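First the structure, in the form of structure tokens, and then the observations on it.
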Ligand SMILES: [Zn+2]
Ligand SMILES: [Zn+2]
């Protein structure tokens, strides 16, 4: 299918598919509910500090930028899926899941994806991919909308792996759709500015407190709490870190705070700077015939 054909198919899909309308209504409903609770907590005075207003505006900006980039995600995953079928890679048949109730199937699909997401996330914390993921960490004030502060390249990686993995496991399309809604809602929830720890269930479901430690600008917490939904992956792979309530500073010192344009361009600028620095150090290496300096 040509490019224009794919764009047309995407637009038709967005308008006709019920799952998109449900997803939009549910996420908007959740965001409004959080706003009402916050207003109630502040005795119906919207006395948000200016920094929070800027953070929320930037997050909404990102939401829209990513909507503009949605066709890229769609095009890429479409091509990969076609290649996948053409390569004849064996995959699990949808009939395997017949008779499994939806309330088991949807959380199970979310668990399968969370395993992949843990490793995606761990790789995004590697120094070469960090400039992409630093955008998510750049928010100096965590709020439900921080979950939408994602660079489009990260969105591409996450969405493509979601579609590839769950299609390979043979999950029905509606299970994949509702699974995505569940993950989106939980992701908004863990970015709420509340100190909820989930008490005895803290190892079962990731809490806002756990995710706040992931955002803490503190060396001990860097690269910790990478699982989005199920802390079991952090416990298994040694990255669980919740020493108590999180009172640390959030954000990334070197990244722009709330400027959407600068943030979208940030990874490209950083890679340019890193490549230039590497070229300089290689030249220095040749000149002095010394070993390359450790840059880690
Ligand atoms: Zn992270
Ligand atoms: Zn986060």
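In the working numbering, the protein residues as written are 1 to 296. Backbone N, C-alpha and C define an ideal beta-carbon position, used for all residues, glycine too. Everything numeric in this text was worked out from a predicted model, so none of it was measured.
Endpoints, alpha helix (DSSP H) assigned at residue i
{"i": "residue 212", "result": "208 to 215"}
{"i": "residue 103", "result": "102 to 124"}
{"i": "residue 304", "result": "As displayed, the chain neither begins before 1 nor continues past 296, which places residue 304 out of reach and without an answer."}
{"i": "residue 237", "result": "Residue 237 -> no alpha helix (DSSP H), and no H or E assigned at all."}
{"i": "residue 159", "result": "152 to 168"}
{"i": "residue 134", "result": "130 to 137"}
Under the three-state DSSP convention, the category residue i falls into
{"i": "residue 230", "result": "coil"}
{"i": "residue 250", "result": "strand"}
{"i": "residue 295", "result": "Only weak support is given to the placement of residue 295: the predicted model assigns it a pLDDT of 46, under 50, and the value that follows is read from those uncertain coordinates. Three-state DSSP puts residue 295 in coil, outside helix and strand."}
{"i": "residue 23", "result": "helix"}
{"i": "residue 91", "result": "coil"}
{"i": "residue 38", "result": "helix"}
{"i": "residue 203", "result": "coil"}
{"i": "residue 262", "result": "helix"}
{"i": "residue 48", "result": "coil"}
{"i": "residue 277", "result": "helix"}
{"i": "residue 141", "result": "coil"}
{"i": "residue 183", "result": "helix"}
{"i": "residue 98", "result": "coil"}
{"i": "residue 268", "result": "helix"}
{"i": "residue 5", "result": "helix"}
{"i": "residue 54", "result": "helix"}
{"i": "residue 222", "result": "coil"}
{"i": "residue 255", "result": "coil"}
{"i": "residue 244", "result": "coil"}
{"i": "residue 30", "result": "helix"}
For residue i, the nearest candidate out of the options (CA to CA)
{"i": "residue 253", "options": "229, 218, 203", "result": "218"}
{"i": "residue 188", "options": "237, 231, 146, 130", "result": "146"}
{"i": "residue 65", "options": "277, 106, 265, 278", "result": "265"}
{"i": "residue 92", "options": "140, 152, 166", "result": "166"}
{"i": "residue 137", "options": "69, 216, 155", "result": "216"}
{"i": "residue 212", "options": "263, 69, 32, 143", "result": "143"}
Contact with chain C by residue i, beta-carbon distance below 9 Å
{"i": "residue 107", "result": "Judged by its chain identifiers, the structure shown contains no chain C, having just a single protein chain."}
Could you name the residues, in chain order, whose CB is less than 7 Å away from a heavy atom belonging to ligand 1? Chain-ordered, the residues whose CB falls short of 7 Å from any heavy atom of ligand 1 come out as 121, 124, 125, 133, 136, 137, 214, 226.
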